[in-house]
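Notes follow the structure.
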Amino acid sequence: MALGVHQFAILCARSRVRIRRKPLIVIVNLAKKKNVNRSEVPSHSSQEFDLSTLKFDPGERTSILNYHLNHRDVIRRAYLVNGPCQPCLEVHAYPQTNISGSMRRFNLEWFDDVYHDWLEYGVSKDVVYCLYCYLFKDHNINQGGGEVFSCTEFKNWNKKSDLDKHTGLPNSPPNRSKKKCQDFLR
Numbered sequence: 001m002a003l004g005v006h007q008f009a010i011l012c013a014r015s016r017v018r019i020r021r022k023p024l025i026v027i028v029n030l031a032k033k034k035n036v037n038r039s040e041v042p043s044h045s046s047q048e049f050d051l052s053t054l055k056f057d058p059g060e061r062t063s064i065l066n067y068h069l070n071h072r073d074v075i076r077r078a079y080l081v082n083g084p085c086q087p088c089l090e091v092h093a094y095p096q097t098n099i100s101g102s103m104r105r106f107n108l109e110w111f112d113d114v115y116h117d118w119l120e121y122g123v124s125k126d127v128v129y130c131l132y133c134y135l136f137k138d139h140n141i142n143q144g145g146g147e148v149f150s151c152t153e154f155k156n157w158n159k160k161s162d163l164d165k166h167t168g169l170p171n172s173p174p175n176r177s178k179k180k181c182q183d184f185l186r
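UniProt numbering puts the sequence shown at residues 1 to 186.
Structure, rendered in structure tokens:
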């Protein structure tokens, strides 16, 4: 079951989850506009989008490419203003995974590490994502682990080095995506 922003906030409140960053800003934009002819815009029109329908949990998000072209900038801005999804669960609340005979789990300290500005944790799937790659990844490039951190699941909790490999060199896909985010907010 997919949780909306409101349901996610209620779940967090009931389970004593602390959110490191403020919850997703809900901007209801263009709910129903009238055009110059004063006729109503149909609900399926590309001229309207309700940002309250966006998912806070990155594991439940729709690919940015699946949104109408006219909506993508508004959606990107909403996610960037809020920053990465970094829920602070109690340590024992992060599920454990058997990796090579050892029980491993997501490490909350990674949010405070060099990954603080892009690393997101998806509670629904127990995986991490890159906010920058989700928003601006060059979708014809599969190097630097970009596909793993923007579309598919990464939960090799014993391989923190893969997070370093993801960011890679200054001209890597994730760093280009970060630059696009910075330019976009200017």
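Ideal Cβ placement from N, Cα and C applies to all residues, glycine included.
This one's a predicted model, so the numbers in the text were calculated from it and none came from an experiment.
Going by CA-CA distance only, name the one from the options that's closest to residue i.
| i | options | result |
| --- | --- | --- |
| R72 | Q86, V91, F49 and W118 | F49 |
| K180 | L51, D57, P58 and R76 | R76 |
| L185 | E60, G83 and V128 | G83 |
| Q182 | V127, Y67 and C133 | C133 |
| W118 | T167, P95 and K159 | T167 |
| P95 | H68, D126 and F154 | D126 |
| C130 | D164, P170 and R105 | D164 |
| E120 | G59, L51 and S52 | G59 |
List the endpoints of the continuous alpha helix (DSSP H) containing residue i.
| i | result |
| --- | --- |
| L131 | L131 to F136 |
| R61 | No alpha helix (DSSP H) contains R61, which DSSP labels as neither H nor E. |
| T167 | S161 to T167 |
| S102 | Not the alpha helix (DSSP H): S102 falls in the beta strand (DSSP E), residues S102 to R104. |
| N175 | P173 to L185 |
Report back the beta-carbon spacing between residue i and residue j to the nearest angstrom; my notes put them in contact at under 8 angstroms.
| i | j | result |
| --- | --- | --- |
| L54 | L135 | With a Cβ gap of about 12 angstroms, L54 and L135 do not count as contacting. |
| W157 | N107 | 7 angstroms |
| D57 | G101 | No, D57 and G101 are not in contact; Cβ-Cβ is about 30 angstroms, not under 8 angstroms. |
| residue 227 | D138 | Since the first residue of the chain shown is 1 and the last is 186, residue 227 is not available in this structure. |
With respect to the beta strand (DSSP E) encompassing residue i, which residues constitute its N-terminal and C-terminal limits?
| i | result |
| --- | --- |
| L119 | L119 to G122 |
| N98 | T97 to I99 |
Go ahead and pull the three-state DSSP assignment for residue i.
| i | result |
| --- | --- |
| V114 | coil |
| D73 | helix |
| K32 | Reliability of the predicted coordinates at K32 is poor, the pLDDT of 35 falling under 50, and the value obtained from them is presented with this limitation in mind. Residue state, collapsed to three classes: coil. |
| Q143 | Caution applies to Q143, whose pLDDT of 44 falls short of 50 and renders its modelled position unreliable; the value that the coordinates give is listed next. Coil at Q143, not helix or strand. |
Cβ contact check for the stretch 110-119 and the stretch 91-102: 3 or more pairs under 8 angstroms: Because the criterion of three Cβ pairs below 8 angstroms is not met, the stretch 110-119 and the stretch 91-102 do not touch.
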